[in-house]
Amino acid sequence: MSAGAALRESAVPQRTTLAPGQTPDADVVEPIVRVDQLTIRYGDFEAIKRVCLDIPPRRVTAIIGPSGCGKSSLLRAMNRMNDFVPGVRVEGAVIFNGQNVYAAECDPVELRRRVGMVFQRPNPFPKSIFRNVAWAAQMNGYRGDINELVEQSLRRAALWDEVKDKLSLSALALSGGQQQRLCIARAIALQPEVLLMDEPCSALDPIATARIEDLIDQLKSQYTVVLVTHNMQQAARVSDRTAFMYMGELVEVDQTNLIFTRPGNPRTQDYITGRFG
Amino acid sequence: MTAHFVNLLDDLRRRSLRMASEVEDMVQEACEVVFQLNETLAQRVIARDVEVDAEEVAVESEVIRLMALYQPVGVDLRLLCTVLKANNDFERIADCAVNIAERASHLEVQSLASECDALRRMAPIVRRILRHAIQSYSADDMQVARRVLEEDEPIDAYYGQIVREIVANATRSSENMGGQLDLLSVAKNLERIADHATNIAEEVIFVSTGQIVRHRGASRPR
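Take a look at the structure:
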């Protein structure tokens, strides 16, 4: 598949034969997020240039590329976190479940509930473990059994067994890896449809990283995950699809196993083999 | 680190090519012995196999080391897989050369081989196929690799012809059965060498395109 064809995902014919280990193409399922001709400028700087990308539901999509290539800007555009950046201008559309998130009628607060985010550094609130998970849900008007929600969220974040006997302790007393899983539990408690993860393991040691990677693998049965990472081995390990960005452009997107064995674009090849620049 | 890794890949490739050159020489000498008895040359072929075996282990160890330490992807991963597989093919070709040299050390083989038109035609084609396979491996030359796949086709026909002749001879007379069986073994080993050369050519295509073309053109869908 040529790079051009890989970019025009909707134009790619459906494949009828899947090799062992292959996951179905994004092309054959309706995307939950569709980035359409997205351009983002910070002042005069064009960080994202007419990017088109489909995010299939209940898959892990990794975005890789060198520093400054625009991958975090693209990620943050999916739940309008870029709104807080002074001087930002956005053209094009991000369609989430059929609605342009940049349309005037879109409520960014509700959007961020449905499209949650986990950041590079764990950022628990200076509150108890329980309150970290319960607080945002209650603020968003959750009316159900809050104890059940906290337990369920912590279980899904693979943290329950480690904290069930100390829920009233400060979240700041947890290890970095536990804090990051707590942040994931906090995001899950809002019952989002999409989880955006911006280098969620870059501040963690290898053991904690492995726990988060296992968790991502479990989460994709219920959530759509979009992961920005500098760690190409991590992208290869945990994602179903990988998008490679360079200088604000989406160079190539394809199934992860193809990107890391026989990428279609020479720039992708150079990047993943470390021959860039 | 990347430049260092590229240098290590280049070193590995050179080492694999030296082994390929050694193996090609062994096949050439083994073929000479088939048509002209030369005990010294036959013993030299047999002795060189020890070096090839050692080199096979060394190359394989280096491939495993590079995979473990550098976790290559893309074309680097394909190259290492190819070196590993070609390494195995080269070692097997060397074994075939040894088998030929051992059989050809028997006195009857040269006279029977000289009378066998199919074998006289087959041997130089096998050597040419091997040379082209190594050439394509050395230069990542897909065109030469594809030519190897085409060149392999008459080999099976020649081998079949040799088998039929030997069966016919054995039916007529049981005299010199030992020599006939040696000749059959020589032909079989030549045919195997061509098969291994074809494998190497297929691996060259894999390095360049990522397509697995084994089993007669069947390639996996992207």
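Chains as they are written, first to last, in numbering that gives the first Met the number 0: chain W, 0 to 276; chain Y, 0 to 221. For glycine and all other residues, C-beta sits at the position ideal for the given N, C-alpha and C.
Measuring CA to CA, which of W:M231, W:E212, W:R240 and W:V87 is closest to W:D253?
-> Put simply, of W:M231, W:E212, W:R240 and W:V87 the residue whose alpha carbon is nearest the alpha carbon of W:D253 is W:R240.
Could you confirm whether any beta carbon from chain W is found closer than 9 Å to the beta carbon of Y:R91?
-> Cβ-Cβ to chain W under 9 Å: no for Y:R91.
When we look at the beta-carbon of W:L168 and count the other beta-carbons within 10 Å, is it buried (16 or more) or exposed?
-> A residue is called buried once 16 or more other Cβ atoms fall within 10 Å of its Cβ, and W:L168, having fewer, is exposed.
If I'm right that W:L73 touches W:M196 with Cβ under 8 Å, what's the distance once you round it to whole angstroms?
-> Wrong, their Cβ atoms sit about 13 Å apart, outside the cutoff.
Alpha carbon to alpha carbon, how far is W:I258 from Y:N37?
-> Taking the straight line joining both Cα atoms gives about 54 Å.
For Y:A217, which of helix, strand or coil comes out of DSSP?
-> Caution is warranted here: a pLDDT of 47 is assigned to Y:A217, below 50, making its placement in the model unreliable, and the coordinate value is therefore given only provisionally. Of the three classes helix, strand and coil, the one that applies to Y:A217 here is coil, per DSSP.
Beta carbon proximity, W:F243 to chain Y, threshold 9 Å = No, because no Cβ of chain Y sits closer than 9 Å to the Cβ of W:F243.
Buried or exposed: Y:N168, going by 16 or more other Cβ atoms within 10 Å of its Cβ?
-> Under the 10 Å beta carbon count, Y:N168 is surrounded by 16 or more other beta carbons and is classified as buried.
Inspect the CB distances between the region 184-195 of chain W and the region 144-161 of chain W and report whether three or more fall short of 8 Å.
-> These segments touch.
Residues of chain Y with CB under 7 Å from W:P262, in chain order?
-> Ordered by position in chain Y, the residues that pass the 7 Å Cβ test against W:P262 are G73.
Option in W:L52, W:V32, W:R33 and W:P30 with minimal Cα separation from W:G282 = No information on residue 282 of chain W is available, as it lies outside the stretch 0 to 276 that chain W covers here.
By Cβ distance, which residues of its chain are closer than 8 Å to W:R111, with the 5 residues on each side in sequence left out?
-> Cβ neighbours of W:R111 within its own chain (closer than 8 Å, five residues either side excluded): N78, R79 and M80.
Indicate the three-state DSSP secondary structure (helix, strand or coil) for Y:A117 in the structure shown.
-> In the structure shown, Y:A117 sits in a helix (DSSP, three-state: H, G or I).
Quick one: is Y:A217 near chain W, going by C-beta distance under 9 Å?
-> Since pLDDT at Y:A217 reaches only 47, below the 50 mark, its modelled position is unreliable, and the value read off the structure follows with that caveat. Y:A217 does not count as touching chain W.
Excluding the five sequence neighbours on either side, which residues of its own chain have a C-beta within less than 7 Å of the C-beta of W:P265, listed in chain order?
-> Here the set comprises nothing.
Considering only C-alpha positions, which residue in the set W:A207, W:A188, W:F44 and W:N122 is nearest to W:K133?
-> In the sequence on display, residue 133 of chain W carries Ala and not Lys. Measuring from the Cα of W:A133, the nearest candidate turns out to be W:A188.
Element boundaries [alpha helix (DSSP H), containing Y:K84] = Segment G73 to A103, the alpha helix (DSSP H) holding Y:K84.
Name the chain Y residues that come within less than 9 Å of W:F259, Cβ to Cβ?
-> Within chain Y, the residues near W:F259 are V72, G73 and L76.
Given that a residue counts as buried once 16 or more other Cβ atoms are within 10 Å of its Cβ, and exposed if not, what is W:G97?
-> Around the beta-carbon of W:G97, fewer than 16 other beta-carbon atoms lie within 10 Å, marking it exposed.
Going along the chain, which residues of the region 54-69 of chain W sit with their C-beta nearer than 8 Å to a C-beta in chain Y?
-> The residues in question: there are none.
Within chain Y, the residues that W:R274 reaches when beta carbons sit closer than 8 Å = Result: T1 and V5.
Would you say W:A133 faces chain Y, with C-beta separation under 9 Å as the test?
-> For W:A133, the answer is no, since every Cβ of chain Y falls outside 9 Å of its Cβ.
Does the beta carbon of W:Q268 sit closer than 9 Å to a beta carbon anywhere in chain Y?
-> Yes, W:Q268 counts as interfacial toward chain Y.
Compare the C-beta of Y:T208 against all C-beta atoms of chain W and say whether one is closer than 9 Å.
-> Residue contact check for Y:T208 against chain W: a CB pair falls below 9 Å.
Euclidean distance between Cα positions of W:V34 and Y:R14 | Whole-angstrom Cα-Cα distance: 49 Å.
Under 9 Å between C-beta atoms of Y:M18 and Y:N98 = Y:M18 is not a Cβ neighbour of Y:N98, given a cutoff of 9 Å.
Return the chain-ordered list of same chain residues with a C-beta closer than 7 Å to the C-beta of Y:E23, the five sequence neighbours on each side being excluded.
-> Result list for Y:E23: L129, R130 and I133, in chain order.
Check the DSSP bridge columns for Y:R191 and list the partner residues they point to.
-> None; Y:R191 has no bridge partner.
Please state if the CB of W:L194 and the CB of W:G115 are separated by a distance shorter than 9 Å.
-> Their beta carbons are under 9 Å apart, which means W:G115 touches W:L194 by this criterion.
Sufficient close CB pairs (3 or more, under 8 Å) joining the region 200-208 of chain W to the region 171-178 of chain W = Short answer: they touch.
How would you label W:F95, buried or exposed, when you count the other beta carbons within 10 angstroms and need 16 or more for buried?
-> Burial call: buried.
With a cut-off of 9 Å, does the C-beta of W:A209 fall near any C-beta of chain Y?
-> At a cut-off of 9 Å between beta carbons, W:A209 makes no contact with chain Y.
By a C-beta neighbour count over all protein chains shown, 10 Å radius and 16 as the cutoff for buried, is W:V50 buried or exposed?
-> W:V50 is buried by the Cβ-count criterion.
Just how far apart, CA to CA, sit W:H229 and W:P65?
-> Looking at the two C-alpha atoms, the distance is approximately 7 Å.
Hey, how far is the Cα of W:P23 from the Cα of W:P199?
-> Unreliable positioning characterises W:P23 in this predicted model, as indicated by a pLDDT of 42, which lies under 50. The coordinate reading is nonetheless provided below. Here the C-alpha atom of W:P23 lies approximately 26 Å from the C-alpha atom of W:P199.
Spatial neighbours of W:P219 within its chain, please: CB distance less than 8 Å, with the 5 preceding and 5 following residues excluded, ordered by chain position.
-> It should be noted that the sequence gives Lys, not Pro, for residue 219 of chain W. The answer, listed in chain order, is R57, R58, V59 and D239.
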